[in-house]
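Enquirer: Dropping a structure here in structure tokens format, bear with me for questions.
Numbering (UniProt numbering), first residue to last: 1 to 109.
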């Protein structure tokens with residue numbers, strides 16, 4: 001299912017996802033998004049093929065607008081948040097850092 005939305009999220013530190021069964025093969029980047037409006041976190045994943053494209057846009061603690069992504073049901077094997085879905089970055093996905101008019105996000109939530 002493809003969605004086009006523009007939520008404003010705060011990103012956490014992106015982390016490399018490695019496949020430990022295949023000699024630590026780099027699989028992609030795991031990102032956590034904090035949505036303060038509903039006080040929840042959602043898992044995001046960028047596949048290895050797209051990692052270099054998105055890495056410059058990912059800064060720990062930045063506020064970003066994400067547009068044109070897929071939403072998929074999260075498998076219990078890979079589940080890192082309580083959210084039932086995760087955001088999958090696809091070739092048309094756009095990440096823009098929001099510099100002005102950003103909401104204040106409570107990091108203690």
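No residue lacks a Cβ here, since even glycine has one placed at the ideal position from N, Cα and C.
Since we're looking at a predicted model, the values are computed, not measured.
Are there 16 or more other CB atoms within 10 angstroms of the CB of residue 43, so buried, or fewer, so exposed?
Expert: Translated into positions along the chain shown, residue 43 becomes position 43. It counts as buried.
Enquirer: What residue does the beta strand (DSSP E) around residue 43 start on, and which one ends it?
Expert: The sequence position of residue 43 within the chain shown is 43, counting from 1. 40-47 is the span of the beta strand (DSSP E), which, as asked, contains residue 43.
Enquirer: Quick check on the burial criterion: 16 or more other C-beta atoms within 10 angstroms. Buried or exposed for residue 26?
Expert: If you number the chain shown from 1, residue 26 lands on position 26. Answer is exposed; the Cβ neighbour count stays below 16.
Enquirer: With a threshold of 16 other CB atoms inside 10 Å of the CB of residue 99, please say whether the residue is buried or exposed.
Expert: Within the chain shown, the letter at position 99 stands for residue 99. It is exposed - the Cβ of residue 99 has fewer than 16 other Cβ atoms within 10 Å.
Enquirer: Helix, strand or coil: which one does DSSP assign to residue 50?
Expert: As a working mapping, residue 50 is identified with position 50 in the chain shown. If DSSP states are grouped into helix, strand and coil, residue 50 belongs with the helices.
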